[in-house]
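In what follows, a structure is listed as structure tokens, so that the remarks can point back to it.
Protein chains in written order, with our numbering: chain A, 16 to 418; chain B, 1392 to 1632.
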């Protein structure tokens, strides 16, 4: 088998410095937003006592899911022994770490008391899935770091498959935990279902792979690493399967709710009468995020073009973000069923209305800074350590594959 | 001599009074105030709300709560902390209307306590569900979990806080059953206000004590809880709903 060689990026190009400057700018904007939210309170955001989790949570969960899913490429290489993916494993594990740090940063900076992070780290209620997630997220960072170390240091490579298996199992548990944050909520009609866990796992895989493809394309463009069409064909096929997988779980989720009489209200709200949530579900998730990318990935006319694969990956991200927005915010906007069988004539606490939410600029700044943190860390890491394969030309990769 | 003996006796008497009296006084205060007694599960504080007696346009309980806990922030309704609210309902089948206050239901199995990552949401042994403001990180997961929308997040800088009911920007809060009043043998502010209005729609007491008024009433009449399907066994019960 031909040895794959890795390189650092040169870091002298306009794109490198441009990337650093843009990401630092957005990180600073996010920190400024967090400072203001801390100083004035969450009153400057669009979140309120009805919609308690807003767009920062959509960004945070989007990044956390993507972090878990992006490791898939490394897992395929080390757990399922597909040597074809081996040159990409380092980048995959790196992205898992940087995306998770980005997502967690947003989550922490949105807390009412971010200064009490040490309390969250030291005081655990083990019945809370949230507490378990804190352990799972921190553990994931550790597991991925060790995984990378074993991957990159020749003397440790015999432990590499074991580390890969642990990382693979860990991320499945982690995403189960993230989905269960919603699945375990007993009172809200939109949640309280075990399917949230597999739905989030499927979504994490599709988001992660889409991000991986995009980062690979950008990095290869920056490092002028030759990228053969062949290297994109396999992830492309996989992306199509994962998009279809997410759709399957979304379908089952809605079918179940449509079957339960008690949940017709929330279903009608999301699917037909929910304003922005309905538009995002059908337009954002279904059309842009599912139908179009599937067409781009499978239709003969587009199927081998690099541009169509890039577009499909981008659309997958838009669809995933829309779906998360609908799940997280739409699920809260629909009023709680506190008085079954009763009509609420009046309430001094807005019990009888769909709750409104308009994200503020502060929240968007905070959310975008999560992406910027991930981007900044990734760019710095590939500049310092050899994560990128020197060549991904079809001939080289094929040789690896044959080996 | 006589005068001197008299003086000595007086002096000893006065000394005894000065020495013993504060001790006796402190002892009697300790006996009168429940604060000295440990909180145990032998007590289950609860409330019975008679919706037939609750007057539709009366907000005495709400005003009392606002006053008692200093919930006076001048902010939009969506972000204003609400510990107790008035709701008017109409039965979809029968058309019967009822008016009732809704607050933290102090569940026996509170979902807010289950989900709280740091254990800041907790239930005292006597059934009162509270938030420890020192360990609340402001994640709002308890607000997502509460089936009654009974919790509020403090979105703004607070002013004019009441020393007996401390609050904190960036933390979650809800009805605490005026725990510091209960611990000193008083009723919660809302119950007192309802009684002062002469409506007597709210009865507060120990549901574990068979001789308490609330236990007797609960035994006599049928009552219901909100969302019984969730099997949370709330401490707030409603009559006539």
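Quick reminder that beta carbons are idealized off the backbone N, C-alpha and C, glycines included.
Just so you know, these numbers come straight off a predicted model, no measurement behind them.
A distance below 8 Å separates the beta carbons of residue 389 (chain A) and residue 78 (chain A). Against residue 1615 (chain B), chain A offers no close residue; the least beta-carbon distance is about 11 Å (beta-carbon pairs closer than 7 Å). Taken through DSSP and simplified to helix, strand or coil, residue 1522 (chain B) comes out as strand. Linking residue 281 (chain A) to residue 172 (chain A) through their CA atoms gives a straight-line distance of about 51 Å. Among the residues facing chain A, residue 1514 (chain B) is not included, as its CB has no counterpart in that chain under 8 Å away.
In this structure, residue 1627 (chain B) lies near residue 1497 (chain B), with their beta-carbon atoms less than 8 Å apart. According to DSSP, residue pairing for residue 403 (chain A) in a beta bridge involves A:22. Secondary structure at residue 276 (chain A): helix, using DSSP grouped into helix, strand and coil.
The C-beta separation of residue 41 (chain A) from residue 387 (chain A) comes to about 4 Å, placing the pair in contact by the 8 Å criterion. Taking a beta-carbon distance threshold of 8 Å, residue 1570 (chain B) does not count as an interface residue toward chain A. Going by C-alpha positions, residue 215 (chain A) is about 42 Å away from residue 1431 (chain B). Legend: CB atoms of the stretch 361-374 of chain A lying less than 7 Å from CB atoms of chain B belong to residues 361, 362, 363, 364, 365, 366.
Relative to residue 26 (chain A), the option among A:35, A:19, A:20 whose CA is nearest is A:35. Shown here, residue 1628 (chain B) sits in a strand according to DSSP, grouped into three states.
If you draw a 10 Å sphere on the C-beta of residue 1615 (chain B), you find fewer than 16 other C-beta atoms in it, and that means exposed.
In its chain, beyond the 5 residues on either side, 1445, 1447, 1479 have a beta carbon closer than 6 Å to the beta carbon of residue 1490 (chain B).
Distances from the alpha-carbon of residue 1544 (chain B) to those of A:109, A:224, A:182, A:58 put A:58 closest.
Exposed is the label assigned to residue 1466 (chain B), since fewer than 16 other Cβ atoms lie within 10 Å of its Cβ. When CB distances to chain B are screened at a threshold of 9 Å, the residues of the stretch 54-66 of chain A falling below it are 54, 55, 56, 57, 58, 59, 60, 62, 63, 64, 65, 66, in chain order. A direct Cα-to-Cα measurement between residue 140 (chain A) and residue 1510 (chain B) gives close to 5 Å. The continuous alpha helix (DSSP H) containing residue 52 (chain A) extends over residues 29-55. Between residue 358 (chain A) and chain B, the shortest Cβ-Cβ separation is below 8 Å. The residues 21, 105, 106, 109, 396, in chain order, have a CB closer than 7 Å to that of residue 402 (chain A) in the same chain once the five nearest residues on each side in sequence are set aside. Interface with chain B (8 Å Cβ-Cβ cutoff): residue 286 (chain A) is excluded. None of the residues of the stretch 105-117 of chain A has a beta carbon lying less than 9 Å from any beta carbon of chain B. Nearest neighbour of residue 33 (chain A) by Cα position, chosen from A:62, A:391, A:134, A:132, turns out to be A:391. Using a 10 angstroms sphere on the CB of residue 1536 (chain B), the tally of other CB atoms reaches 16 or more, which defines it as buried. Taking 8 Å as the CB threshold, residue 1494 (chain B) stays off the interface with chain A. Bridge partners of residue 1492 (chain B) according to DSSP: B:1477. Excluding sequence positions up to five before and after residue 323 (chain A), its CB lies within less than 8 Å of the CB of 311, 312, 317, all in the same chain and listed in chain order. With a cutoff of 8 Å on beta-carbon distance, residue 1581 (chain B) and residue 1455 (chain B) are scored as near each other.
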